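For reference, the structure is listed below as structure tokens.
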Amino acid sequence: MTEQKYKFLSTPRRPVEDRRFVAGRGKFIADFDRPNMLHVAPLASHYAAAAINGIDASAALAMPGVVDVITGAELAAAVQPLMNGLNTPNVRRFPLAVDRVRYAGEWVCAVVAESRALAEDALEKIIVDATPQPFILDAETALLDTSAPVHPEHGSNLLLDRKFVWGPVDDDFDAAAYSLSFSVTWGRNSTVPIETFGVLAEWNGWDQMLDIWASIQMPKYADQIARSLDLPGNAIRVHYDVDVGGSYGVKRGIKHSVLVGYIARKLGCPVRLIEDRLENMRAGDAHGPERKFDITIAFDQDGTVRSMKMRALDNAGAYAGRAPFQLGKPISAIVGPYQINSVAYHALSVTTNKTVQEAVRGFGQAPTNYAIETAMDRVAEYLGMDRLALRQKNLIRKDQFPYLIPSGSYYDSGDYHAVIDKVLTAADYPAMLAERDRLRDAGMMAGIGIAACLEPSGGNSSFEPLLNQSNQTSTWMESCQVNIDALGMVTARIHTTSSGQGHETLVSTILGEVMQIDPELIRITRPNSLESLPGNSPVGSRMAIMLGGAAARAGEKLKAKIMAIAVHRLGVAIDQLRYEGGDVLANDGRRFTWDEMVELAHRQYHNLPDGMDPGLASFDIMQVPTGDALPVDHKVQMYPCYSFEFHLLLVSFDPIIGRPDIHSYVIGHDCGTVINPAIVSGMTYGGIAHGIGAALFEEFAYDTNGQLLTQSFLDYLMPSSHEVPAIQIVKHCTPSPHTVFGQKGSGESGYLGAPAAVSGAINDAVSGLGIHFEKLPIRMSTISDAIAAKTS
Amino acid sequence: MNDVTLTINGKPVSGVTEPRVTLLDFLRDVAGLKGTHAGCEHGVCGACTVLIDGTAVRSCLMLAVQAEGEDIITIEGIGGSGARAGELGVIQDAFCETHGLQCGYCTPGMILAAEALLSVNTDPTEHEVREAISGNICRCTGYVQIVDAILLAAKRLGQRNDAAPSDANLV
Chain A
24 MTEQKYKFLS TPRRPVEDRR FVAGRGKFIA DFDRPNMLHV APLASHYAAA
74 AINGIDASAA LAMPGVVDVI TGAELAAAVQ PLMNGLNTPN VRRFPLAVDR
124 VRYAGEWVCA VVAESRALAE DALEKIIVDA TPQPFILDAE TALLDTSAPV
174 HPEHGSNLLL DRKFVWGPVD DDFDAAAYSL SFSVTWGRNS TVPIETFGVL
224 AEWNGWDQML DIWASIQMPK YADQIARSLD LPGNAIRVHY DVDVGGSYGV
274 KRGIKHSVLV GYIARKLGCP VRLIEDRLEN MRAGDAHGPE RKFDITIAFD
324 QDGTVRSMKM RALDNAGAYA GRAPFQLGKP ISAIVGPYQI NSVAYHALSV
374 TTNKTVQEAV RGFGQAPTNY AIETAMDRVA EYLGMDRLAL RQKNLIRKDQ
424 FPYLIPSGSY YDSGDYHAVI DKVLTAADYP AMLAERDRLR DAGMMAGIGI
474 AACLEPSGGN SSFEPLLNQS NQTSTWMESC QVNIDALGMV TARIHTTSSG
524 QGHETLVSTI LGEVMQIDPE LIRITRPNSL ESLPGNSPVG SRMAIMLGGA
574 AARAGEKLKA KIMAIAVHRL GVAIDQLRYE GGDVLANDGR RFTWDEMVEL
624 AHRQYHNLPD GMDPGLASFD IMQVPTGDAL PVDHKVQMYP CYSFEFHLLL
674 VSFDPIIGRP DIHSYVIGHD CGTVINPAIV SGMTYGGIAH GIGAALFEEF
724 AYDTNGQLLT QSFLDYLMPS SHEVPAIQIV KHCTPSPHTV FGQKGSGESG
774 YLGAPAAVSG AINDAVSGLG IHFEKLPIRM STISDAIAAK TS
Chain B
674 MNDVTLTING KPVSGVTEPR VTLLDFLRDV AGLKGTHAGC EHGVCGACTV
724 LIDGTAVRSC LMLAVQAEGE DIITIEGIGG SGARAGELGV IQDAFCETHG
774 LQCGYCTPGM ILAAEALLSV NTDPTEHEVR EAISGNICRC TGYVQIVDAI
824 LLAAKRLGQR NDAAPSDANL V
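Residue numbers (the working numbering), protein chains in the order written: chain A, 24 to 815; chain B, 674 to 844.
See below:
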């Protein structure tokens, strides 16, 4: 058994972070106070689109406690535009609107005051002279030549328009017996962490240093602030010892950070901006993909799926950011876990007058998986074939790995059929089918949902050069430093904030395993960005692979030094020695203890091998496994590791009420070697909960005037403990050949397949009525209305 | 401005505050207790949950002046304090055991909701546990390991030799 190979890895161990959190002793951004700190409240646009003719802030400025009012015009003259991922220089974005507003809620100006309450009071005194303008909410409409561009300087609403053809698509379609077309739409939702985004900036003019504390999960965060504020990179000091209250991708607050950084520098005071919930929902620039898929799929009578044409149109909202790249990551798993020989992919991203998109858990993969899995259900329906059997027929087999998909990535490893077999057994699939039929006989609508999908993990962001040829990114490194102090204790440094992923546990567990030291004795610290080695933050399910990998390699370097000292000390060849629990044992029975080794390294230079540096410290900057090359012929290896998940659930609902009740939910999950079982299972459960929300409840819905309707938790509904059922996880382990211990990513698990599976279950339930639900979320009212329309 | 005096975690706390200040902001900004968290500030998410006379209450929906004279327990009042800081209460320990949390932001509210449940129901069913935390939104865990934690805590509390009804400060 894999589990027994390790002393600490894959064993049930308490995450070390939990102690401070259960005591309420986490240190979140709102917990940081600085002397004489000022507070910011932004003024939101009432219009979806408008020209700003003037802003009169005189009454606000006259209020006691109000220090300043910052406008977009002032800011635009002082800072550089925020970075775009694509080469779209004329889609300029500043933290505050400049000359025109492009979505309802967009920040028009910002009040700085002695308290947040005073700043909010002052917002009501600001008079904005604005002229409403036409606006676009729908992505297809945005594509029309007759639609005015959201950014006139850009010339159109197109941010991205790329067509890829991987493999003999036309030949495969010609050879296939059948083809069918359908469309599905992934509704606009997001991860909506319970902690909103916040940032605190403090400028020290004597040191020429901008200190930043933030609730952040953002690659190259300090660099982006420096670029926008025209400061040297080493004048930005981001403090990573801030606990982040949930993120799942979205805590990118770059506009907030540039704004408070500018104000802090201008006023010479600490300045803090914490979003309230309304600001978070409508102007946090943290909405997820809103994506329409048009799919045509070619297949044979026996169920073999030969080829797929996919058009994916994403509604990016009012500015570009990194949103269009969320059409790029799915290229790395564009055929899902299936042997589909060729793919044509048309990726489109457009601007509209909606809130800006940001990275959301899975970076576009969950919507694409929903489209692919819907295609599998539709093919099965067309052929009258069992949905499960169709998938089993098309799945990549264990003996085919490493498996090259048409778009250029090799899947590393897996045994999809074995995972599915385990799930079917654990769920008692025949009994589940019988229960579905029993429920149907009792007058309920009942359906079974099935979804198989992959979690690409640990990649090097190579969708950037694939979609933007001026981008030459071929690394997405991560780092770890380890020090053994003069008393023999181990401290490791990690160079990022964390938002619940358990990175301290990850590193202490892996270092403990490598060094054979109790992980409880290893201290993990988080230096600030100026004291840090390069890293890319916890995105793309990468940290078990990349931070875990760097920690293991740094530990191995220390072990190598310890062995070299032992060789010198004991005067025997290295093959006569073995490392054991921190001591080095010679075959002749002598033991060179940890304490002796520490004494030599820290105090007795004269007893160290010639030329060896004193002390016991190491670091590692790890390159992404398999991620060395830029794209060739529009293909690239994107991710080293591919985790697999298989969802199976039974849903029923009353045909009149339409409220889905999930009876049982089983997921098979293979993310290779697990570092900490409770952390992985927790992420998987949480991902499924988030997926249930995306499938049934969560949507940022707009009215016809471009106003966000779901802007509180009373309207934007998230699953509570009643909506998330008991979930059974069936574990399987196919180690990755590319990682230190065979680990793969798991941070997006559950979420990647749950929306597809839940949608499949609802659609199975109504299949007898000829209904197809083609848009997520599938709300209660949608279900009951559709059934009523069919049966009345 | 109003004078407000409350009992927080067994100790009297006085402060001068505007009438519009919520109990949540009073606890955080006046009393300096940062373990109670703001989530939605409109009474849905439960991150700001505290106990008032043993009942779970949303501190964002109550003004500080309304809480005058009330006996309030915050997360800082659970488990060890002072020289016993670092000692977990039974419910806190169970959350660590099952990893009933991830980012830790909703966790204080969850633990206080669990405390309120277990102080009146020593042997809850899974459904009763889910009901007790149904006003507390967690975006990380899918609740599964939280439910496990509360059931584990109930079991352990049931096996205790002493009659202590809660985890209120071990001092």
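Idealized CB from N, CA, C, for every residue including glycine. Quick caveat, the model's predicted, so the values are computed rather than measured.
Residue environment: Pro648(A) is assigned as buried (16 or more neighbouring CB atoms within 10 Å of its CB, all protein chains considered). Taking 8 angstroms as the cut-off, the beta carbon of Ala162(A) is found no closer than this to the beta carbon of Thr319(A).
Under the DSSP assignment, Ala589(A) falls in the alpha helix (DSSP H) whose first and last residues are Met566 to Leu593. Within the segment 599 to 638 of chain A, the complete beta strand (DSSP E) runs of at least 3 residues fall at 600 to 603 and 606 to 609. Phe699(B) carries a helical assignment under DSSP once its states are collapsed to helix, strand and coil.
A distance of 8 angstroms or more separates the beta carbons of Cys776(B) and Cys733(B). Neighbours of Gln818(B) across chain A, judged by C-beta separation under 8 angstroms: Ala701, Ser704, Gly705 and Tyr708.
DSSP places Cys503(A) in no alpha helix (DSSP H) but in the uninterrupted beta strand (DSSP E) bounded by Glu501 to Ile507. Residue environment analysis places Glu147(A) among the exposed positions, since fewer than 16 neighbouring C-beta atoms fall within 10 angstroms of its C-beta. At a cut-off of 8 angstroms, the C-beta of Ala145(A) has no neighbouring C-beta in chain B. Selection Lys584(A), Ile585(A) and Gly558(A) evaluated against Gly572(A) yields Gly558(A) as nearest (Cα-Cα).
Short of 8 angstroms from the beta carbon of Arg250(A), and not among the five residues preceding or following it, lie these beta carbons of its own chain, in chain order: Gln103 and Met106. In the three-state DSSP reduction, Thr448(A) falls in the helix class (H, G or I). In the structure shown, Ser732(B) falls within a coil segment according to DSSP collapsed to helix, strand and coil. Contact check between the segment 682 to 696 of chain B and the segment 726 to 744 of chain B: three or more CB pairs, one atom from each, fall below 8 angstroms, which counts as touching. Residues of chain A whose Cβ lies closer than 9 angstroms to the Cβ of Phe768(B) are, in chain order, Asp41, Phe44 and Val45. Assigned with DSSP and collapsed to three states, Val677(B) falls in strand. DSSP, read as helix, strand or coil, puts Met538(A) in helix.
Between the segment 803 to 814 of chain A and the segment 788 to 795 of chain A there are three or more inter-stretch CB-CB distances shorter than 8 angstroms, so the stretches are counted as touching. Ile357(A) has its alpha-carbon roughly 13 angstroms from the corresponding atom of Arg329(A). Annotation: Cβ neighbours of Leu761(B) in chain A (cutoff 9 angstroms, chain order): Arg42, Val45 and Ala46. Chain-order list of chain A residues neighbouring Gly755(B): empty, with the shortest C-beta distance near 13 angstroms, by a criterion of under 9 angstroms. Between Ser430(A) and the set Ile644(A), Tyr662(A) and Val267(A), the nearest pair of CA atoms involves Tyr662(A). Burial of Thr219(A) is indicated by the presence of at least 16 other C-beta atoms within 10 angstroms of its C-beta.
Residue range Phe486 to Leu490 is occupied by the alpha helix (DSSP H) that includes Pro488(A). Distance from the CA of Ala589(A) to the CA of Lys28(A), rounded to the nearest whole angstrom, comes to 26 angstroms. Among the residues of chain A, those whose CB is under 8 angstroms from the CB of Ser807(B) are Ser743, Ser744 and His745, following chain order. Remark: fewer than three beta-carbon pairs, one from each stretch, lie closer than 8 angstroms, so the segment 267 to 283 of chain A and the segment 191 to 199 of chain A are not flagged as touching. The C-alpha of Gly178(A) is placed about 53 angstroms away from the C-alpha of Val39(A).
Interface annotation, Val215(A): in contact with chain B, CB-CB separation under 8 angstroms.
No Cβ of chain B is located within less than 8 angstroms of the beta carbon of Arg305(A).
With contacts defined by Cβ atoms closer than 8 angstroms, Leu697(B) and Thr680(B) do not form a contacting pair. Take Gly108(A), set aside five residues on each side of it, and the residues of its chain with a beta-carbon closer than 6 angstroms to its own are Arg345 and Phe348, in chain order.
Rounded to the nearest angstrom, the Cβ distance from Pro360(A) to Tyr439(A) is 5 angstroms, consistent with a contact under 8 angstroms. Residue environment: Thr733(A) is assigned as buried (16 or more neighbouring CB atoms within 10 Å of its CB, all protein chains considered). For Glu771(A) against Gly481(A), the beta-carbon gap comes to about 12 angstroms, at or over 8 angstroms, which does not count as contact.
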